[in-house]
Amino acid sequence: MKEKKLYTAIAFAIILGSCDYISDPIPPINENLGDASSCATPTFTTVAPVKKILFEDYTGHKCTNCPNAARLLHDIDTANHGHIIPLAVHVTQLYAGTGPASGAQAGSYSYDFRTSAGNEYADVFKIASLPNGMINRLNFHETNLTHQKGANVWTNTIANIVNQPPKVSIQIINDFNSSSKKLCTHIKTEFLTPNTGTFNLVVLLVQDSIEAWQLDLGTHNEHYIHRHVLRASITPSEWGDAIANGNIPMSYNKITKFAYNIPDYISNIAVNMPQMHVVAYVYDAATYEVLQAEDEKILP
Amino acid sequence: MKLLNFSLVVSVISFLNISKTYAQSTGEIHGNFQSDVQYYIPDSAIGADTIPEKMLMNAFANIIYTKDKFSAGARFESYHNALLGFDPRYTGNGIPYRYITYKADELEVTVGHYYEQFGNGLIFRTYEERGLGLDNAMDGVRVKYEPCKGVYLKGIVGKQRLYFTEGEGILRGFDGEMQINETFKKLAEKKTQVIVGGSFLSKFQKKPNNAQYIFPENVGASAGRIHIIRGGFRLTTEYAEKINDPSNDNGNIFKKGQAILFMSSYAKKGFSLTFNAKHLDNMTFRSDRNALTNDLLISYSPALCIQHTYLLAALYPYASQSLGETSFQSEVAYKFKKGTTLGGKYGTDIKINYSGANSIDTTHLNDINGRRMGYKTNFWGIGNQTYFRDFVVEINKKFSKKIKTTLLYSNQNFNIAVVQGKHGKPNILSNIIIADVTYMLASDRALRVELQSLTSNDHYVGDWAVALLEVTLGTHWYVAVFDQYNYGEYTDEAGHKTNADYNKIHFFNASAGYIKNANRISLSYGKQRAGVFCVGGVCRTVPASNGLTLSITSSF
Numbered sequence: 001m002k003e004k005k006l007y008t009a010i011a012f013a014i015i016l017g018s019c020d021y022i023s024d025p026i027p028p029i030n031e032n033l034g035d036a037s038s039c040a041t042p043t044f045t046t047v048a049p050v051k052k053i054l055f056e057d058y059t060g061h062k063c064t065n066c067p068n069a070a071r072l073l074h075d076i077d078t079a080n081h082g083h084i085i086p087l088a089v090h091v092t093q094l095y096a097g098t099g100p101a102s103g104a105q106a107g108s109y110s111y112d113f114r115t116s117a118g119n120e121y122a123d124v125f126k127i128a129s130l131p132n133g134m135i136n137r138l139n140f141h142e143t144n145l146t147h148q149k150g151a152n153v154w155t156n157t158i159a160n161i162v163n164q165p166p167k168v169s170i171q172i173i174n175d176f177n178s179s180s181k182k183l184c185t186h187i188k189t190e191f192l193t194p195n196t197g198t199f200n201l202v203v204l205l206v207q208d209s210i211e212a213w214q215l216d217l218g219t220h221n222e223h224y225i226h227r228h229v230l231r232a233s234i235t236p237s238e239w240g241d242a243i244a245n246g247n248i249p250m251s252y253n254k255i256t257k258f259a260y261n262i263p264d265y266i267s268n269i270a271v272n273m274p275q276m277h278v279v280a281y282v283y284d285a286a287t288y289e290v291l292q293a294e295d296e297k298i299l300p
Numbered sequence: 001m002k003l004l005n006f007s008l009v010v011s012v013i014s015f016l017n018i019s020k021t022y023a024q025s026t027g028e029i030h031g032n033f034q035s036d037v038q039y040y041i042p043d044s045a046i047g048a049d050t051i052p053e054k055m056l057m058n059a060f061a062n063i064i065y066t067k068d069k070f071s072a073g074a075r076f077e078s079y080h081n082a083l084l085g086f087d088p089r090y091t092g093n094g095i096p097y098r099y100i101t102y103k104a105d106e107l108e109v110t111v112g113h114y115y116e117q118f119g120n121g122l123i124f125r126t127y128e129e130r131g132l133g134l135d136n137a138m139d140g141v142r143v144k145y146e147p148c149k150g151v152y153l154k155g156i157v158g159k160q161r162l163y164f165t166e167g168e169g170i171l172r173g174f175d176g177e178m179q180i181n182e183t184f185k186k187l188a189e190k191k192t193q194v195i196v197g198g199s200f201l202s203k204f205q206k207k208p209n210n211a212q213y214i215f216p217e218n219v220g221a222s223a224g225r226i227h228i229i230r231g232g233f234r235l236t237t238e239y240a241e242k243i244n245d246p247s248n249d250n251g252n253i254f255k256k257g258q259a260i261l262f263m264s265s266y267a268k269k270g271f272s273l274t275f276n277a278k279h280l281d282n283m284t285f286r287s288d289r290n291a292l293t294n295d296l297l298i299s300y301s302p303a304l305c306i307q308h309t310y311l312l313a314a315l316y317p318y319a320s321q322s323l324g325e326t327s328f329q330s331e332v333a334y335k336f337k338k339g340t341t342l343g344g345k346y347g348t349d350i351k352i353n354y355s356g357a358n359s360i361d362t363t364h365l366n367d368i369n370g371r372r373m374g375y376k377t378n379f380w381g382i383g384n385q386t387y388f389r390d391f392v393v394e395i396n397k398k399f400s401k402k403i404k405t406t407l408l409y410s411n412q413n414f415n416i417a418v419v420q421g422k423h424g425k426p427n428i429l430s431n432i433i434i435a436d437v438t439y440m441l442a443s444d445r446a447l448r449v450e451l452q453s454l455t456s457n458d459h460y461v462g463d464w465a466v467a468l469l470e471v472t473l474g475t476h477w478y479v480a481v482f483d484q485y486n487y488g489e490y491t492d493e494a495g496h497k498t499n500a501d502y503n504k505i506h507f508f509n510a511s512a513g514y515i516k517n518a519n520r521i522s523l524s525y526g527k528q529r530a531g532v533f534c535v536g537g538v539c540r541t542v543p544a545s546n547g548l549t550l551s552i553t554s555s556f
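Line by line, the protein sequences give chains E and A. Using our numbering, the first residue of the first sequence is number 1, and each one after it goes up by one. Using our numbering, the first residue of the second sequence is number 1, and each one after it goes up by one.
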């Protein structure tokens, strides 16, 4: 009889667990998106393009080894000054969720740096263990996971690509109205070589140097400085929209603008304007490979 | 001419089937081979295009090894290139089917490819229909288990074949069936036999990035069924339901799917009566939400209508509309006994069949930017759009030892806009009359004549006539010729006379075949009009062609 009950329970578990009921099929609209039509397009000046590499550091405040990875990333950023666009993406319930951590003060990890954009990236790129890195999302492979780069290969991977000429240039001009808190961000993209394919532009909101709890090699550090934290997607989708597709000639350029109403808080964490940046990148929609990235502070 | 013969001429061209068995102490090896080759001749009059390769071929060979409770097999397939009308993704050589099966007491395990069906197939059926180019075989693991007498359990996990690749989705499912009279000894001798069953199937397909909607990655479907037999009476019914499954088929709505199938029959000597009914609502189910045509179908629903074999009766075959259909079929068959007025010396068989399908009764919901349910359904409700009607009377009569005949009348109403996607075209109303007479020249020689007529209301269809003459010479040879001709004229609203699409064109065909033991070779030459070829309510488009066809089958 016990066996029958067990089999019945297993059968029902399989049935219930194998169905995704969707009550609201429309993805939530980013309520902070604003109307960009009233954003006056600025004049872009000509600048010499520089190769800039998107470095995604998948991390979590309760990941004890993650600070070491962040420190290594900082060293790489310093060594390749101007070529690295770091992005700290907090993911996984275990390492980045709220709730108590062993030996930590009550309420110490009550904040949540996770974002829907970061969760989506972790899902698609199958980030299961932390720390983990992706460098320009090179070598994407759905099953071999060759796009995930361990800290031991970060330096060499960067060295291999940092001197390559950029294929795309990105310029960002931000216009922030401190009274209305409306951000108009203007992104100019220009293809520096002919390309074929579909290329998307993604624009993200990043907050740098947030002081908050972090488990650091077994120690709970209340004053840890969280660098380059992804806070939100400014593009309606974290995968962006196509800015070019098909056979794209050299010098093809486009100015895209977005409006975003900066909230006072995101996930109960204060948005401190002097810490806020806009990060933009262009990637190949077929391979996920990032061609170029850029970072610009919102306040001068 | 029977469509069976015709389809061989049409779709393929050669068919060879060899079969021998080597029974040895080490086991048995069976094999068979089939090759269909067609040489194409361009013919602008019927719309037959130039084929760059001039000659195309479909071929396959099966090798099956069995020993005791173990069996293993593989199928080699070759398409150089695929025959016209078959999906061009069938190109080249490969071994897309291989498996190993063993049975250990109550447990049977299959790894590799397999075909399987739960119940009537409403939520799961994988099968091969070579004439359609359809093969949605599973590749994975199947386990069958009989825990006690009369109880049968199946579990499956795997992916479906997609030409020479596999579909993206993963299928997981189980089915249980209990034959009540076998399981419970007290009921073993009861006149009423009852079989109950239930099944569940779930597909997993990763949701797309940056999608407009939140797609479910796990879509489940479940079904329950009962089968009752008492004397000559049989009743089967099955109900199935599928959760939200937005797809290309349904325009990405999130409404659940429902299906119910009801089949009943009564038979005694010389008399039978059947009544079947079916309701389908949003039940197209594939292992890839983006798949189209016949690719990666999981669910199956047979069309409730006669599967005509005569050419003109099958000119517009009905295909199940799994997105929405309420259909029925009823048939009464009676044999007038020998020696009666209508029975004559040898008896007379008469069969009357009436089948039909309509749209379902729905109410549109304006929620396309909300829950995206699309519409509400009045379950079992009949919509006002006629998809299909077929009223058939068939009489089989043997007049003497030398002469036997089949007479068939069919009145059809076919919604070509819905069934074949030819939007804007009105329903085709047609009357078909067929006479099939066989005259035995000798004990091993026969002459068969078929005369067919189709008259319609539609200039697109026109009016067709078919005449066939077939001679069977001994047990090995046959020769047949037939002509299909459209003589119809149509007067449009302005009073102008126009011709049917294939007006005044002779679709002449001649064929000959040699059959000996398990080998068969046939050769035919002629024209084939463009049309639709269906098996069991699933169809494929057949383009017009003209040419020489060779078919070989063999087995060993």
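C-beta atoms are modelled at their ideal positions from N, C-alpha and C, and glycine is treated no differently.
**Q.** Residues of the region 236-250 of chain A whose Cβ lies closer than 9 Å to any Cβ of chain E, in chain order
**A.** The residues in question are I243, N244, P246.
Q) Thinking C-beta only, is L451 of chain A closer than 9 Å to S430 of chain A? A) Start at 1 with the first residue of the second sequence, and residue 430 of chain A comes out as number 430. Start at 1 with the first residue of the second sequence, and residue 451 of chain A comes out as number 451. Taking 9 Å as the cut-off, the Cβ atoms of S430 of chain A and L451 of chain A do not count as close.
Q | Local conformation of P86 of chain E per DSSP, three classes | A | Locating residue 86 of chain E in the first sequence gives position 86, where the first residue counts as 1. Here P86 of chain E sits in strand by DSSP.
Q. Using the beta-carbon of each residue, which ones in chain A are nearer than 7 Å to S18 of chain E?
A. Position 18 of the first sequence, counting from 1, holds the residue named residue 18 of chain E. Going along chain A in sequence order, the residues near S18 of chain E (Cβ under 7 Å) are R172, S202, N218, G220.
**Q.** Where the beta strand (DSSP E) through T549 of chain A begins and ends
**A.** On the second sequence, residue 549 of chain A is found 549 positions in, with the first residue counted as 1. 545-555 is the extent of the beta strand (DSSP E) around T549 of chain A.
Q. What's the C-alpha gap between V290 of chain E and E56 of chain E?
A. Stepping through the first sequence from its first residue, residue 290 of chain E is reached at position 290. Stepping through the first sequence from its first residue, residue 56 of chain E is reached at position 56. Their backbone Cα atoms lie some 11 Å apart in a straight line.
(Q) Quick check for students: name the residue ranges of the alpha helix (DSSP H) that lie wholly in the region 203-233 of chain E, counting only runs of 4 or more. (A) Segments of the alpha helix (DSSP H) lying fully in the region 203-233 of chain E: there are none.
Q) Does the beta carbon of Y21 of chain E sit closer than 9 Å to a beta carbon anywhere in chain A? A) Residue numbering aside, residue 21 of chain E sits at position 21 when the first sequence is read from its first letter. Chain A, which has a Cβ nearer than 9 Å to the Cβ of Y21 of chain E, makes this yes.
Q) Nearest CA to the CA of A82 of chain A: which residue from A:D105, A:M55, A:D458? A) Reading the second sequence from its first residue, position 82 is the one you call residue 82 of chain A. The closest CA to that of A82 of chain A, considering only A:D105, A:M55, A:D458, is found on A:M55.
Q | Cut-off 6 Å between Cβ atoms - residues of its own chain near N353 of chain A, not counting five sequence neighbours on either side | A | Position 353 of the second sequence, counted from the first residue, corresponds to residue 353 of chain A. Taken in chain order, the residues that qualify are I306, E331, V392.
Q | P27 of chain E: contacting residues in chain A (beta-carbon distance under 9 Å) | A | Numbered from its first residue, the first sequence carries residue 27 of chain E at position 27. Within chain A, the residues near P27 of chain E are A211, Q212, Y213, I214.
(Q) Taking DSSP's pairing of strands, which residues face M273 of chain E in a bridge? (A) In the first sequence, residue 273 of chain E corresponds to position 273, counting from 1. Partner(s): none; M273 of chain E has no beta bridge.
Q. Looking at V203 of chain E and V279 of chain E, is the spacing between their C-beta atoms short of 9 Å?
A. Position 279 of the first sequence, counted from the first residue, corresponds to residue 279 of chain E. Position 203 of the first sequence, counted from the first residue, corresponds to residue 203 of chain E. When the beta-carbon positions are compared, V279 of chain E and V203 of chain E come within less than 9 Å of each other.
**Q.** Status (buried if at least 16 other CB within 10 Å, exposed otherwise) for H113 of chain A
**A.** Here residue 113 of chain A is taken as the residue at index 113 of the second sequence, counted from 1. Residue environment for H113 of chain A: buried (at least 16 other C-beta atoms within 10 angstroms of its C-beta).
(Q) Taking 9 Å as the threshold (beta carbon to beta carbon), is F254 of chain A in contact with chain E? (A) Start at 1 with the first residue of the second sequence, and residue 254 of chain A comes out as number 254. Answer yes: the Cβ-Cβ gap between F254 of chain A and chain E drops below 9 Å somewhere.
**Q.** K149 of chain A CB to nearest heavy atom of the ligand MG below 8 Å
**A.** Although the ligand MG was asked about, the structure shown includes no ligands whatsoever.
Q. Run through DSSP, which three-state label would T475 of chain A get?
A. Position 475 of the second sequence, counting from 1, holds the residue named residue 475 of chain A. Here T475 of chain A sits in coil by DSSP.
Q) For M134 of chain E, which of E:V229, E:S110, E:L54 has the nearest alpha-carbon? A) As a working mapping, residue 134 of chain E is identified with position 134 in the first sequence. Each of E:V229, E:S110, E:L54 was checked against the Cα of M134 of chain E, and the nearest Cα belongs to E:L54.
Q. Can you tell me where the beta strand (DSSP E) with A512 of chain A in it begins and where it stops?
A. Looking up residue 512 of chain A in the second sequence gives position 512. Unbroken beta strand (DSSP E) run through A512 of chain A: 506-516.
(Q) Distance cutoff 9 Å, beta carbons only. Does R529 of chain A sit that close to anything in chain E? (A) Here residue 529 of chain A corresponds to residue number 529 of the second sequence, with the count starting at 1. R529 of chain A does not count as touching chain E.
Q.
With a threshold of 9 Å between beta-carbons, can R225 of chain A be considered close to chain E, or not?
A. In the second sequence, residue 225 of chain A corresponds to position 225, counting from 1. For R225 of chain A, the answer is no, since every Cβ of chain E falls outside 9 Å of its Cβ.
Q) Are there 16 or more other CB atoms within 10 angstroms of the CB of D264 of chain E, so buried, or fewer, so exposed? A) Position 264 of the first sequence, counted from the first residue, corresponds to residue 264 of chain E. D264 of chain E comes out exposed.
Q. Are any of the Cβ atoms in chain A nearer than 9 Å to that of E211 of chain E?
A. Start at 1 with the first residue of the first sequence, and residue 211 of chain E comes out as number 211. No, E211 of chain E lies away from the interface with chain A (no Cβ there is under 9 Å from its Cβ).
Q) Rounded to a whole number of angstroms, what is the C-alpha to C-alpha distance between I260 of chain A and N252 of chain A? A) Along the second sequence, read from residue 1 onward, the residue named residue 260 of chain A stands at position 260. Along the second sequence, read from residue 1 onward, the residue named residue 252 of chain A stands at position 252. If you take the alpha carbons of I260 of chain A and N252 of chain A, they lie about 23 Å apart.
(Q) What does the Cβ neighbour count give for C534 of chain A, buried or exposed, with the cut at 16 atoms within 10 Å? (A) Looking up residue 534 of chain A in the second sequence gives position 534. The residue in question, C534 of chain A, is buried, as its Cβ has 16 or more Cβ neighbours within 10 Å.
Q: Look at the alpha carbon of I180 of chain A and the alpha carbon of P147 of chain A, and state the distance between them as a whole number of angstroms.
A: By 1-based counting over the second sequence, the position of residue 180 of chain A is 180. By 1-based counting over the second sequence, the position of residue 147 of chain A is 147. Cα atoms of I180 of chain A and P147 of chain A: separation of roughly 14 Å, rounded to the nearest angstrom.
Q) Using 9 Å as the limit for Cβ to Cβ distance, is R142 of chain A near chain E? A) Taking the second sequence and counting its residues from 1, one reaches residue 142 of chain A at position 142. Not one chain E Cβ lies under 9 Å of R142 of chain A.
Q: Examine chain C for any beta-carbon lying closer than 9 Å to the beta-carbon of D24 of chain E, and answer yes or no.
A: The structure shown contains no chain C; its protein chains are E and A.
Q. By Cβ distance below 6 Å, which residues in the same chain neighbour K144 of chain A in space, the five residues on each side in sequence not counted?
A. By one-based count along the second sequence, residue 144 of chain A stands at place 144. E108, K154, listed in sequence order.
Q. In its own chain, which residues sit with a C-beta less than 7 Å from the C-beta of S237 of chain E, not counting the 5 before and 5 after it?
A. Position 237 of the first sequence, counting from 1, holds the residue named residue 237 of chain E. So the list is empty, once near-sequence residues are dropped.
Q) What do you get for Q24 of chain A, buried or exposed, if any count of 16 or more other CB atoms within 10 angstroms of its CB means buried? A) What you label residue 24 of chain A is simply residue 24 of the second sequence in a count that begins at 1. Here the model assigns Q24 of chain A a pLDDT of 49, short of 50, so the residue's position is not dependable, and the following value carries that caveat. The residue in question, Q24 of chain A, is exposed, as its Cβ has fewer than 16 Cβ neighbours within 10 Å.
Q. What residue ranges within the region 256-312 of chain A form continuous beta strand (DSSP E) runs of no fewer than 3 residues, ordered along the chain?
A. List check, beta strand (DSSP E) in window: 257-268, 271-281.
Q. Since V89 of chain E meets chain A, which of its residues come closer than 8 Å, beta carbon to beta carbon?
A. Here residue 89 of chain E is taken as the residue at index 89 of the first sequence, counted from 1. Chain A residues near V89 of chain E: none, gap ~16 Å exceeds 8 Å.
**Q.** Residue from A:Y163, A:F507, A:W380 with nearest C-alpha to L468 of chain A
**A.** Position 468 of the second sequence holds residue 468 of chain A. A check of alpha carbon separations from L468 of chain A across A:Y163, A:F507, A:W380 identifies A:F507 as the nearest.
Q) alpha helix (DSSP H) containing A96 of chain E: first to last residue? A) Residue mapping note: residue 96 of chain E aligns to position 96 of the first sequence, counting from 1. Per DSSP, the continuous alpha helix (DSSP H) segment holding A96 of chain E begins and ends at 93-96.
Q. Run through DSSP, which three-state label would R71 of chain E get?
A. Position 71 of the first sequence, counted from the start, is the residue given in the question as residue 71 of chain E. DSSP places R71 of chain E in helix when its eight states are reduced to three.
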